[in-house]
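For reference, the structure discussed in these notes is given below.
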Amino acid sequence: MANCKRIFIIGHSGAGKGVLAEELAKELDWKFINADIIGAAGQIGRKLSEVIGKEGEKLLHICQHEILSHLCSQENIVVTTDESVISSDKCKEILGKEFTVLLEVGTSIQVDRLSNYRPLLPVKDFHEFLEKIHLEFDTSYKDVSNFSLSSDNGDINKHVKSILHAMKM
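Counting in this note's numbering, the sequence shown runs from 6 upward without gaps.
Here you go:
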């Protein structure tokens, strides 16, 4: 994607999407946009539909689609998204047409990163809960991404260089 005008960073909570997106935007001298509009399931300790209901989830997906559509009219932006953005077919369609980076994270690493302040509600087995979220989202994340990398080692500078290299291809 040599003529890349926008970069979307997708992945699970605790992957480090925001940190990576900010560093990438600085390196490119682009604008960083945080489009993570709701706390991810891992933050809450419940599936999104359990928190806001099915109707609320539908409205959230409409809002996410409107945000992504609007952002696609802008250039030189690095956008981090909500973990659930991949639940909407319309959002997946947009992300599939853009330079979309999947920032992967292993469940054990994710548990370590999130355990200091999440979940907000009690969860019997947090690792198992996150595994279920991975099963729900991972295939869709991979389907829409142009490039993926693991954040498990936490080497943000290396990740930025990898993305810059992928953009030139």
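Beta carbons are placed, not taken as given, at the ideal position from N, Cα and C, and that holds for glycine.
Evaluate the contact criterion for the segment 132 to 147 versus the segment 13 to 22: three or more CB pairs, one atom per stretch, below 8 Å. Counting C-beta pairs closer than 8 Å gives three or more between the segment 132 to 147 and the segment 13 to 22, which meets the contact rule.
At which residue ranges does the segment 89 to 140 contain complete beta strand (DSSP E) runs of 3 or more residues, listed in the order of the chain? As far as the segment 89 to 140 is concerned, its whole beta strand (DSSP E) runs of at least 3 residues are 104 to 109.
Give the range of the alpha helix (DSSP H) segment to which K163 is assigned. Numbered from 1 along the sequence shown, position 158 holds the residue referred to as residue 163. Segment 161 to 173, the alpha helix (DSSP H) holding K163.
Could you spell out where the beta strand (DSSP E) holding K36 opens and where it closes? As a first step, residue 36 must be located in the sequence shown, where it is residue number 31. Per DSSP, the unbroken beta strand (DSSP E) holding K36 starts and ends at 36 to 40.
In whole angstroms, give me the CA-to-CA distance for L4 and F134. This structure gives no information on residue 4, because the portion of the chain shown stretches from 6 to 174.
Length of the line joining the Cα atoms of D1 and S93: In the structure as shown, the chain starts at 6 and stops at 174, and residue 1 therefore has no counterpart that could be examined.
Go through its chain and collect everything with a Cβ distance to E80's Cβ below 8 Å, but skip five positions before and after it. Stepping through the sequence shown from its first residue, residue 80 is reached at position 75. So the qualifying residues of the chain are K10, R11.
Exposure label - G61; buried when at least 16 CB within 10 Å: For the purposes of this step, residue 61 is identified with residue 56 of the sequence shown, where counting begins at 1. Result: exposed.
Same chain, Cβ closer than 7 Å to L29, five either side skipped, listed in chain order: The sequence position of residue 29 within the sequence shown is 24, counting from 1. In chain order, I12, V83, V165, I168 place their CB closer than 7 Å to the CB of L29, counting only its own chain and leaving out the 5 sequence neighbours on each side.
Which residue comes first and which comes last in the beta strand (DSSP E) that contains I43? The residue labelled residue 43 in the question sits at position 38 within the sequence shown. Per DSSP, I43 belongs to no beta strand (DSSP E) and is neither H nor E.
Out of F104, I99, G111, state which residue places its alpha-carbon closest to the alpha-carbon of N8. The residue you call residue 8 lines up with position 3 of the sequence shown. Closest in alpha carbon position to N8, among F104, I99, G111, is F104.
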